[in-house]
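Chemist: Residue 66 in full-length UniProt numbering sits at position 66 of the sequence shown, with consecutive numbering throughout. Built from N, CA and C at the ideal position, the CB exists for glycine as well. Structure provided below as structure tokens; questions to follow.
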Amino acid sequence: MAPNFALLVFILCCFCSAGATTIYVGGSKGWSPDSDISTIQARVGDALVFRYTQDYDVEEVPQLLYTTCNTDSKKPNQVYDDGDTVISLTQPGDLYFISGNFCRTLRLYVYVDP
């Protein structure tokens, strides 16, 4: 009985992790104004990978800041500046990302499906 249970757990783990995707934001150009970045649809369990130079950062922001780019009145939820940022998507919903000094030209909306 125990070996069958262990096999069942192994199979379930494989199915659960098989759907996860690593999404490289901006593709081969990375997180830069030269990339074709606008909207990504992802799922819980996926990971976003932002690769960028020291000229940029990645800021996870509220929708209002994403829409207005008014960084004086609103602060980002999180700021990343390590050049190789991986963000695991752990819950469904809307996520908004900008690069602080390039808010109008370097921005991303992500819808995360359950």
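Do you know how far the Cα of L108 is from the Cα of Q63?
Modeler: Cα to Cα, the separation comes out at about 11 angstroms.
Chemist: Smallest Cα separation from G26: which of P114, D113, I98 and N70?
Modeler: With distances taken between Cα atoms, G26 lies closest to I98.
Chemist: From K74, V86, V61 and D46, pick the residue whose C-alpha is nearest to that of P92; which is it?
Modeler: Taking only the C-alpha atoms, the option nearest P92 is D46.
Chemist: Return yes when the Cβ of E60 is within less than 8 angstroms of the Cβ of Q41, no when it is not.
Modeler: Not a contact, by the Cβ cut-off of 8 angstroms.
Chemist: Could you please give the first and the last residue of the uninterrupted alpha helix (DSSP H) stretch that includes L106?
Modeler: Here L106 belongs to no alpha helix (DSSP H), and DSSP marks it neither H nor E.
Chemist: For Y96, count neighbouring C-beta atoms within 10 Å of its own C-beta (all shown protein chains included) and say buried if the count is 16 or more, exposed if not.
Modeler: That one is buried.
Chemist: Cα separation between D84 and F50?
Modeler: Distance between the alpha carbons of D84 and F50 is about 6 angstroms.
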